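J.: Residue numbers (this note's numbering): 9 to 282.
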Ligand SMILES: *[C@@H]1O[C@H](CO)[C@@H](O)[C@H](O)[C@H]1NC(C)=O
Ligand SMILES: *[C@@H]1O[C@H](CO)[C@@H](O)[C@H](O)[C@H]1NC(C)=O
Ligand SMILES: *[C@@H]1O[C@H](CO)[C@@H](O)[C@H](O)[C@H]1NC(C)=O
Ligand SMILES: *[C@@H]1O[C@H](CO)[C@@H](O)[C@H](O)[C@H]1NC(C)=O
Ligand SMILES: *[C@@H]1O[C@H](CO)[C@@H](O)[C@H](O)[C@H]1NC(C)=O
Ligand SMILES: *[C@@H]1O[C@H](CO)[C@@H](O)[C@H](O)[C@H]1NC(C)=O
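1) Is it buried or exposed for residue 48, if we count other Cβ within 10 angstroms and need 16 for buried?
2) Residue 155 to residue 62, Cα distance in whole Å?
3) Are the Cβ atoms of residue 144 and residue 170 separated by less than 7 Å?
4) Rounded to the nearest angstrom, what separates residue 126 and residue 165 at their Cα positions?
5) I'd like the ranges of any beta strand (DSSP E) spanning at least 3 consecutive residues and lying wholly in the stretch 64 to 124.
6) Would you kindly work out how many angstroms separate the C-alpha atoms of residue 242 and residue 132, rounded to a whole number?
7) Are residue 122 and residue 215 closer than 7 Å when you measure CB to CB?
8) May I have all residues whose beta carbon comes closer than 5 Å to any heavy atom of ligand 2, sorted in chain order?
9) Which of the three DSSP states is assigned to residue 234 in this structure?
10) Using a Cβ-Cβ cutoff of less than 7 Å, which residues in the same chain neighbour residue 70 once the five nearest sequence positions on both sides are dropped?
11) Could you give the first and the last residue of the continuous beta strand (DSSP E) run that contains residue 132?
12) Would you grab the beta carbon distance between residue 111 and residue 176 for me? Rounded to a whole angstrom, and I think it's under 8 Å.
Below, the structure written as structure tokens:
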């Protein structure tokens with residue numbers, strides 16, 4: 009592989025990069041390279057090579073596998089009972105030279121249940137209530153986001169630090185002051201497991217929605233009633249006192265008036281007789 013003088017250095021470099029001289033230059037690929045599998049699930053893997061006539065080929069894994077199809081340049085396997093994060097290795101031997109390719113499997117536990125509670129359900133404006141959302145047995149935690157919603161508006165969001173590879177319970181709580189309009193919406197919680205960066209999809213699960221009974225501050229309402237009752241009673245009392253006083257005056261005057269008339273009459277008659 010010697011470049012002719014007139015082609016010069018660039019061609020020499022290109023030749024080095026793209027025209028491998030020996031037949032032993034080949035590639036090994038694993039597909040998919042990176043994948044997420046639900047705990048206990050299975051996955052089809054394709055090991056392939058560019059070697060025209062490989063001597064041997066196969067896949068190394070500590071998972072259970074079955075061979076599905078074997079062709080000259082590729083072998084298809086299925087791995088099953090995937091229980092933990094693991095590395096797969098495809099290999100091919102071509103003219104005494106062995107090459108391999110690695111693939112990563114990560115296990116996930118999807119959010120199967122999203123449990124939300126709102127406490128208390130009967131709240132007075134200005135008082136606080138607590139929304140709690142729980143997702144049992146979910147992994148990987150660092151790919152999980154819990155979002156609390158009022159209607160379709162996000163109120164609170166929580167992400168998590170991944171601790172162990174195994175499934176864990178994820179939980180978030182939110183302490184909120186009751187607003188008047190909170191009674192018009194339903195509250196809900198959404199768990200989102202975003203596995204895109206690991207070759208998967210986004211898995212969403214929503215809780216049941218929960219309404220809230222909002223009440224006006226109680227003291228105000230009672231106060232209004234008390235004030236109304238007291239003022240009615242007061243005015244009744246004042247009216248009756250005034251009426252009593254007026255009637256009493258009149259009656260007294262009439263009695264005194266009639267005595268006055270009688271005694272005046274008597275006095276008059278006595279004076280007439282005399
Ligand atoms: C496996 O991969 C090779 C190379 O990419 C491809 O030619 C072949 O069709 C694949 N086999 C399957 C079953 O997808
Ligand atoms: C492979 O499968 C067999 C039977 O199906 C089971 O007993 C064994 O534990 C499995 N091994 C692994 C590594 O999952
Ligand atoms: C597989 O995982 C290892 C470590 O966990 C990482 O270094 C490597 O880049 C991963 N490979 C792929 C193809 O993602
Ligand atoms: C949901 O939110 C959008 C804006 O983000 C708003 O236009 C729409 O009316 C909302 N729908 C409901 C049912 O609240
Ligand atoms: C919620 O917040 C209010 C006000 O900050 C506080 O008084 C109340 O104790 C909190 N409730 C809980 C359960 O943390
Ligand atoms: C809240 O949820 C209940 C039952 O889930 C439903 O009947 C009601 O229409 C919902 N209210 C709103 C405002 O979405």
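Using N, Cα and C, we set each Cβ at its ideal position, and we do this for glycine too. For clarity, every value in this text was computed on a predicted model and none was experimentally measured.
T.: This is what the structure gives:
1) exposed
2) 52 Å
3) no
4) 16 Å
5) 64 to 68, 72 to 78, 82 to 88, 94 to 102, 105 to 116
6) 31 Å
7) yes
8) 72, 89
9) helix
10) 94
11) 130 to 132
12) Incorrect: roughly 26 Å between the Cβ atoms, too far for contact.
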